[in-house]
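Engineer: Encoded as structure tokens, here's the structure I'll be asking about.
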């Protein structure tokens, strides 16, 4: 039987070239986000010119920091920068910690690096969180002995790790500070912030999560210092999310023998009460609004207090 002609090989169906539109849209979106991030940074610097030199100094010394921030976001870039300062902390930190790092290290909002502390100063870190302020003190003032107070169980475990990783001379007290000794309920919003103030969680509308609580021990600064035979404090730092007035009331005796105080207040009423207590103890006080990543919180800021002869 005669065979018919062999079938022609079927041509593969041709595919239309992929449209470049999706890729272009993605690139345009990335570019818009980077420009928006850079624009927010520029606006903050212009609104707060006192800090412009600080930001420029940081970026000049770490140009890769800005590039990484524009590529990967500020949280990832700051986390990497933080870990470069002390590689031992790499396993302790999360992206949510970098706001505190920026506040304490990048913008030096507590002005720790500018305080004329004596050699081997005694520093109290009340509301130590995971140890950012303690770490900054140890970096700026080598030889400092730090008493760190932190009641929240998760933060306390990480504070111990941080103190070891950063080789800090830190004495950790697993308790809160207040106007009187005893026990109290610590109110928590996620693992980021917490306070002993019963009304504190009602004041916040920041979406950080549902409130839960822990029972914690409370001590007074006067009692702790008296028990240890401490004669004076070089620097007292207080960041306790609304309980700052009670902390000062429990430190009336030691305030008379303290050279510097940096205190975070969380409402206008608390600010006035803290000012009254500090001035009654002989301090000259300066108010300072937040900059950095904590800027824009209505009614919050820092009081920087010094004895008249502390800088001599």
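Residue numbers (the working numbering): 1321 to 1632.
Idealized CB from N, CA, C, for every residue including glycine.
Since the structure is predicted, the reported quantities are computational estimates derived from the model, not experimental observations.
Can you tell me where the alpha helix (DSSP H) holding residue 1569 begins and where it ends?
Structural biologist: Taking the chain shown and counting its residues from 1, one reaches residue 1569 at position 249. 1564-1569 is the span of the alpha helix (DSSP H), which, as asked, contains residue 1569.
Engineer: Output the distance between the C-alpha atoms of residue 1538 and residue 1544, rounded to the nearest integer angstrom.
Structural biologist: As a working note, residue 1538 is residue 218 in the chain shown. As a working note, residue 1544 is residue 224 in the chain shown. Each residue's alpha carbon lies about 11 Å from the other.
Engineer: Helix, strand or coil, according to DSSP, for residue 1526 in the structure here?
Structural biologist: As a first step, residue 1526 must be located in the chain shown, where it is residue number 206. Unreliable placement is indicated for residue 1526, whose pLDDT of 48 sits below 50; the coordinate value is still reported in the next sentence. If DSSP states are grouped into helix, strand and coil, residue 1526 belongs with coil.
Engineer: Would you give the residue range spanned by the beta strand (DSSP E) that residue 1427 belongs to?
Structural biologist: By one-based count along the chain shown, residue 1427 stands at place 107. No beta strand (DSSP E) contains residue 1427, which DSSP labels as neither H nor E.
Engineer: Measure from the alpha carbon of residue 1466 to the alpha carbon of each residue in 1556, 1348 and 1405, then state which is nearest.
Structural biologist: Taking the first residue of the chain shown as position 1, residue 1466 is located at position 146. The shortest C-alpha separation from residue 1466 is found at 1556.
Engineer: So the candidates are 1384, 1607, 1569 and 1554; which of them puts its Cα closest to the Cα of residue 1461?
Structural biologist: Reading the chain shown from its first residue, position 141 is the one you call residue 1461. Ranking the options by Cα distance to residue 1461, first place goes to 1554.
Engineer: Taking only three categories from DSSP, how would you classify residue 1626?
Structural biologist: In the chain shown, the residue the question calls residue 1626 occupies position 306. Here residue 1626 sits in strand by DSSP.
Engineer: Please report the Cβ distance between residue 1423 and residue 1413, rounded to the nearest whole angstrom; I am assuming they are in contact, meaning their Cβ atoms lie under 8 Å.
Structural biologist: Position 103 of the chain shown, counted from the start, is the residue given in the question as residue 1423. Position 93 of the chain shown, counted from the start, is the residue given in the question as residue 1413. Residue 1423 to residue 1413, Cβ: 14 Å. No contact.
Engineer: Taking Cβ to Cβ, would you say residue 1464 is nearer than 9 Å to residue 1409?
Structural biologist: Residue mapping note: residue 1464 aligns to position 144 of the chain shown, counting from 1. Residue mapping note: residue 1409 aligns to position 89 of the chain shown, counting from 1. For residue 1464 and residue 1409, no; Cβs fall outside 9 Å.
Engineer: Under 9 Å, do residue 1602 and residue 1540 count as touching if we go by C-beta distance?
Structural biologist: By one-based count along the chain shown, residue 1602 stands at place 282. By one-based count along the chain shown, residue 1540 stands at place 220. No.
Engineer: For residue 1594 and residue 1568, what's the separation of their Cα atoms in angstroms?
Structural biologist: If you number the chain shown from 1, residue 1594 lands on position 274. If you number the chain shown from 1, residue 1568 lands on position 248. Cα-Cα distance, rounded: 7 Å.
Engineer: If you follow the alpha helix (DSSP H) that residue 1581 is in, where does it begin and where does it stop?
Structural biologist: Here residue 1581 corresponds to residue number 261 of the chain shown, with the count starting at 1. Where residue 1581 is concerned, there is no enclosing alpha helix (DSSP H), although the beta strand (DSSP E) it sits in stretches over 1578-1585.
Engineer: Taking 8 Å as the threshold, find out whether the stretch 1573-1583 comes into contact with the stretch 1498-1508 through three or more Cβ pairs.
Structural biologist: Touching, no, given that fewer than three Cβ pairs across the two stretches are closer than 8 Å.
Engineer: Give me whichever residues DSSP pairs with residue 1498 in a beta bridge.
Structural biologist: The sequence position of residue 1498 within the chain shown is 178, counting from 1. Note: residue 1498 sits in no beta bridge, so no partner.
Engineer: What does a CB cutoff of less than 6 Å around residue 1388 pick up in its chain, not counting 5 residues either side in sequence?
Structural biologist: Within the chain shown, numbered from 1, the residue matching residue 1388 stands at position 68. Only 1397 meet the Cβ criterion.
Engineer: Any idea if residue 1532 is buried or exposed, counting beta-carbon neighbours within 10 angstroms, 16 or more meaning buried?
Structural biologist: Here the question's residue 1532 lines up with position 212 in the chain shown. With fewer than 16 Cβ atoms within 10 Å of its Cβ, residue 1532 is classed as exposed.
Engineer: Whose C-alpha, out of 1566, 1604 and 1581, is nearest the C-alpha of residue 1590?
Structural biologist: As a first step, residue 1590 is located in the chain shown; it is residue number 270 there, counting from the start. The residue with the shortest Cα to Cα distance from residue 1590 is 1566.
Engineer: So, is residue 1418 buried or exposed, given that buried needs 16 or more other C-beta atoms within 10 angstroms?
Structural biologist: The residue you call residue 1418 lines up with position 98 of the chain shown. Flag for residue 1418 reads buried.
Engineer: Whole angstroms is fine: what's the gap from residue 1621's alpha carbon to residue 1564's?
Structural biologist: Locating residue 1621 in the chain shown gives position 301, where the first residue counts as 1. Locating residue 1564 in the chain shown gives position 244, where the first residue counts as 1. About 12 Å.
Engineer: My parser needs the alpha helix (DSSP H) runs of 4 or more residues fully inside the stretch 1433-1469; what are they?
Structural biologist: Counting only runs of 4 or more, we get 1452-1460.
Engineer: Could you check whether residue 1458 and residue 1490 sit closer than 9 Å to each other, using their CB atoms as the reference points?
Structural biologist: If you number the chain shown from 1, residue 1490 lands on position 170. If you number the chain shown from 1, residue 1458 lands on position 138. In this structure, residue 1458 lies closer than 9 Å to residue 1490 by Cβ.
Engineer: Relative to the C-alpha of residue 1434, which candidate in 1347, 1582, 1503 and 1586 has its C-alpha closest?
Structural biologist: Here residue 1434 is taken as the residue at index 114 of the chain shown, counted from 1. For residue 1434, the nearest C-alpha among the options comes from 1582.
Engineer: Distance, Cα to Cα, residue 1277 vs residue 1562?
Structural biologist: Nothing can be reported for residue 1277: it is not among the residues displayed for the chain, which extend from 1321 to 1632.
Engineer: What residues are listed by DSSP as bridge partners for residue 1539?
Structural biologist: Here residue 1539 refers to the residue found at position 219 of the chain shown. DSSP, once it has assigned bridges, lists 1497 as partnering residue 1539.
Engineer: Below 8 Å on the Cβ atoms is my guess for residue 1495 versus residue 1469; work out the distance and round it to an integer in Å.
Structural biologist: Taking the first residue of the chain shown as position 1, residue 1495 is located at position 175. Taking the first residue of the chain shown as position 1, residue 1469 is located at position 149. The pair is a contact, with the Cβ atoms about 6 Å apart (cut-off 8 Å).
Engineer: DSSP has residue 1491 in a bridge; who is on the other side?
Structural biologist: Residue numbering aside, residue 1491 sits at position 171 when the chain shown is read from its first letter. DSSP lists 1467 as partners of residue 1491.
Engineer: Looking only at C-alpha atoms, which of 1585, 1628 and 1597 sits nearest to residue 1607?
Structural biologist: Working through the chain shown from its first residue, we reach residue 1607 at position 287. Cα-wise, what sits closest to residue 1607 is 1585.
Engineer: DSSP puts residue 1534 in a beta bridge; with which residues?
Structural biologist: On the chain shown, residue 1534 is found 214 positions in, with the first residue counted as 1. Answer is 1506.
Engineer: Give me the Cα-Cα distance between residue 1483 and residue 1345, rounded to the nearest whole angstrom.
Structural biologist: Here residue 1483 refers to the residue found at position 163 when the chain shown is read from its first residue. Here residue 1345 refers to the residue found at position 25 when the chain shown is read from its first residue. Straight-line Cα distance between these residues: approximately 46 Å.
Engineer: Could you tell me the distance, in whole angstroms, from the CA atom of residue 1627 to the CA atom of residue 1432?
Structural biologist: On the chain shown, residue 1627 is found 307 positions in, with the first residue counted as 1. On the chain shown, residue 1432 is found 112 positions in, with the first residue counted as 1. Residue 1627 and residue 1432: Cα-Cα distance of roughly 16 Å.
Engineer: Can you pull the DSSP bridge partners for residue 1558?
Structural biologist: Locating residue 1558 in the chain shown gives position 238, where the first residue counts as 1. Note: residue 1558 sits in a beta bridge opposite 1446 and 1583.
Engineer: Can you tell me whether residue 1419 is helix, strand or coil according to DSSP?
Structural biologist: Reading the chain shown from its first residue, position 99 is the one you call residue 1419. The answer is helix: DSSP assigns residue 1419 an H, G or I state.
Engineer: Only counting the same chain, and skipping five residues up and downstream in sequence, which positions put a Cβ closer than 8 Å to that of residue 1605?
Structural biologist: As a working mapping, residue 1605 is identified with position 285 in the chain shown. Closer than 8 Å at the Cβ level, and outside the excluded window around residue 1605, lie 1595, 1598, 1599, 1623, 1624 and 1625.
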